[in-house]
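I have placed the structure first, in the form of structure tokens, so that the comments after it can refer back to it.
Residue numbers (our numbering), protein chains in the order written: chain E, 4 to 143; chain R, 5 to 666.
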């Protein structure tokens with residue numbers, strides 16, 4: 004049986020966590036609200052949109068802090084990913100050319116769609132028809 | 005026919021002929037006889053189309069020139085003229101506005117703002133203000149494009165200033181123009197909107213200066229804004245681009261004088277001469293302004309013309325009196341040559357002037373898809389000028405925005421969305437210095453990066469504060485033996501000291517329990533413990549110069565320090581400090597070095613101890629060896645003695661034994 008990690012015997016987070024703790028807490032609260040929000044009158048997939056959105060925002064926040072602003076240490080960054088504050092696989096995609104603004108991993112998962120295509124949000128703005136509504140987690 | 009229309013009509017009819025009066029005279033002489041009859045007929049017909057035949061004089065040039073083209077019917081003439089110059093129609097309506105409308109006509113406003121007139125019974129519409137005399141001319145208007153009624157020879161858009169009748173004939177011709185497309189451009193008679201554009205493109209010529217021609221009294225020389233010039237007879241109300249032969253000698257004389265003046269000015273004696281000339285011009289203009297209304301006003305329709313020209317005269321009065329360099333002087337300088345040769349090439353060459361340049365500019369502008377006014381022909385310039393204010397530079401704007409972010413006390417670790425949602429910065433004035441959201445977000449990124457880096461550096465600089473110090477102070481303040489650790493933790497779980505990441509919960513609990521157990525001890529032991537602690541503190545950490553408020557961390561993070569109440573503890577510490585010597589001079593010796601020294605000392609001591617131990621061991625060994633040696637030697641000696649004793653058995657011993665037996 005693995006050892007039970009409680010607040011009592013947990014290792015403290017790396018330096019610099021205090022600075023971002025408040026923002027992360029807000030994201031956590033938002034996520035809780037989104038999880039507990041009513042699903043009345045929503046489609047099945049629509050319910051997940053706010054979840055994806057908040058997850059994306061939080062990952063982007065940590066990504067920016069580490070790669071763009073260099074505000075947090077590598078130790079803390081890895082600790083955050085390990086502890087589920089950011090989506091490491093999504094961030095790995097952001098580092099690739101052409102995927103800098105990928106909203107979620109589902110949007111490039113072609114096998115989940117009927118015509119083996121990516122999400123509509125991956126289509127460049129110039130190629131879209133006018134007044135075309137985009138239904139995706141990022142644009143909801 | 006109205007005198008104002010004379011020059012243009014002449015041009016329209018003279019398809020291939022040069023336009024000097026003298027040339028037409030020559031031509032007229034040739035064909036005078038055959039054309040005379042027809043001419044009269046045409047003239048009579050043409051006059052029917054004229055607004056006020058009574059007010060007009062017989063055309064001087066037209067009649068003769070017409071003689072050259074007897075086949076040209078008046079209708080053709082009129083229509084081509086109208087097509088060639090729609091402005092004529094426009095201006096004539098302006099001039100006629102004062103006169104009352106004839107019966108059946110009603111006035112309306114076109115969407116463009118221009119007034120037009122409609123006849124209910126005949127269902128005719130025209131831009132030209134109809135008058136009683138004009139009624140018969142309506143039949144032409146039905147054929148004219150765009151319903152612009154023709155026969156408006158009485159008005160000319162360009163420069164009827166000083167009541168001078170006659171347009172600028174050189175540019176209105178159809179046949180004799182060097183540029184073929186020019187005809188389309190000018191005379192296409194397209195939509196009104198198109199005309200409005202073209203009106204802008206055409207440079208507006210107007211009279212600028214007026215000179216009396218010496219020795220030829222009623223005639224005056226008028227120079228226009230564009231540098232052209234014509235002669236004008238105010239008494240007869242006549243004007244000609246081509247200088248009449250009777251005026252020509254005096255005009256050449258005048259020109260010569262002018263040239264002399266100019267050369268003298270160039271030579272250096274500028275000042276007063278210029279002033280003189282200015283004054284002269286001014287007086288001339290003043291007289292012109294005064295004299296213009298009296299200058300042979302045609303009764304009836306031409307009254308409006310005169311009013312308009314008066315206005316123009318006054319306008320020109322207001323403008324600068326600078327002398328215009330006459331570019332097409334050749335007209336007058338060598339008119340005799342012109343007379344002889346009737347060389348039309350020269351004339352065509354001369355005709356390429358500012359008007360043509362303006363036209364080419366317009367064509368180029370159309371090629372490049374520019375709006376009129378974009379290529380700088382007046383108009384648009386006024387709008388552009390003065391629009392600039394005292395603009396902030398981009399750096400200033402960015403700095404201002406950053407200042408605002410700093411002043412608002414925003415954490416650089418938050419997200420941009422949250423900052424905007426909070427809305428404090430949106431209400432600020434400095435929020436608006438950046439033009440759009442993207443630039444704001446960019447500057448926010450820059451600011452956060454900079455601020456975080458600065459914070460990092462600051463933290464590195466300031467010494468690491470032991471997290472135990474606040475917790476121990478917190479313990480002394482709040483911990484009581486009445487509370488067990490879980491109760492204490494629950495009670496103060498919101499305090500920052502209770503969830504500092506640097507300290508583990510285990511340690512906190514341990515220190516709490518120790519502290520509580522110490523609180524139960526008698527005060528005397530606590531005091532003695534504190535004194536022991538103070539004495540054990542090294543001199544560099546605690547000496548004379550240290551106050552009670554800046555005690556070393558080693559003291560503050562000791563349970564023995566917090567165990568006593570401050571009321572008892574502080575006097576004790578102060579008393580102890582007062583007994584201490586001043587700080588050691590070797591202050592520059594840092595902690596680390598001291599630690600290293602201590603370590604070395606310890607090492608040395610340990611080594612010495614080890615050496616002593618080893619020596620002790622060696623001595624013991626030696627002793628043991630010596631003992632063993634001594635023992636073995638003794639044993640050896642004993643053996644030898646025994647052998648010697650045995651060897652000592654002699655004969656006497658046997659003899660003695662035998663003797664015993666015996």
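Ideal placement from N, C-alpha and C gives every residue a C-beta, glycine not left out.
Minimum Cβ-Cβ distance from residue i to chain R less than 8 Å
| i | result |
| --- | --- |
| residue 64 of chain E | yes |
| residue 16 of chain E | yes |
| residue 201 of chain E | Any question about residue 201 of chain E goes unanswered here, given that chain E covers just 4 to 143. |
| residue 26 of chain E | yes |
| residue 6 of chain E | no |
8 Å Cβ cutoff met for residue i and residue j
| i | j | result |
| --- | --- | --- |
| residue 584 of chain R | residue 547 of chain R | yes |
| residue 419 of chain R | residue 26 of chain E | yes |
| residue 405 of chain R | residue 430 of chain R | no |
| residue 89 of chain E | residue 62 of chain E | yes |
| residue 519 of chain R | residue 483 of chain R | yes |
| residue 532 of chain R | residue 587 of chain R | no |
| residue 529 of chain R | residue 541 of chain R | no |
| residue 75 of chain E | residue 69 of chain E | yes |
| residue 258 of chain R | residue 213 of chain R | no |
| residue 480 of chain R | residue 535 of chain R | no |
| residue 571 of chain R | residue 556 of chain R | no |
| residue 475 of chain R | residue 523 of chain R | no |
| residue 125 of chain E | residue 111 of chain E | yes |
| residue 564 of chain R | residue 537 of chain R | yes |
| residue 456 of chain R | residue 72 of chain E | yes |
| residue 55 of chain E | residue 140 of chain E | yes |
| residue 239 of chain R | residue 222 of chain R | yes |
| residue 229 of chain R | residue 210 of chain R | yes |
Under 7 Å by beta carbon: chain E residues contacting residue i
| i | result |
| --- | --- |
| residue 473 of chain R | Ordered by position in chain E, no residue passes the 7 Å Cβ test against residue 473 of chain R, which lies about 17 Å from the chain. |
| residue 456 of chain R | 72, 74 |
7 Å Cβ cut-off: residues of chain R touching residue i
| i | result |
| --- | --- |
| residue 55 of chain E | Correct list: empty, because the minimum Cβ distance to chain R is about 16 Å. |
| residue 22 of chain E | 417 |
| residue 121 of chain E | Within chain R, no residue comes near residue 121 of chain E; the closest Cβ sits about 26 Å away, beyond 7 Å. |
| residue 116 of chain E | Neighbours of residue 116 of chain E on chain R: none; closest Cβ ~30 Å, over 7 Å. |
Chain E within 8 Å of residue i, Cβ atoms only
| i | result |
| --- | --- |
| residue 605 of chain R | no |
| residue 452 of chain R | yes |
| residue 332 of chain R | Per-residue confidence for residue 332 of chain R stands at a pLDDT of 44, beneath the threshold of 50, marking its modelled position as unreliable; no derived number is given. |
Residue i at chain C interface by Cβ criterion, 8 Å
| i | result |
| --- | --- |
| residue 83 of chain E | Although the question refers to chain C, the structure presented lacks it and instead comprises the protein chains E and R. |
For the region 485-510 of chain R, which residues have a beta carbon sitting closer than 9 Å to at least one beta carbon of chain E? 503, 504, 505, 506, 507, 508, 509, 510
Which ranges would you report for the beta strand (DSSP E) in the region 209-266 of chain R if only whole runs of at least 3 residues count? 211-216, 224-228, 233-237, 242-244
Along the chain, which unbroken stretches of the beta strand (DSSP E) at least 3 residues long are found entirely within the region 430-477 of chain R? none
Note down, one range per segment and in chain order, each beta strand (DSSP E) of at least 3 residues found wholly within the region 545-572 of chain R. none
For the region 50-100 of chain E, which segments carrying the alpha helix (DSSP H) assignment without a break, of at least 4 residues, lie completely within its bounds, in sequence order? 77-85, 91-97
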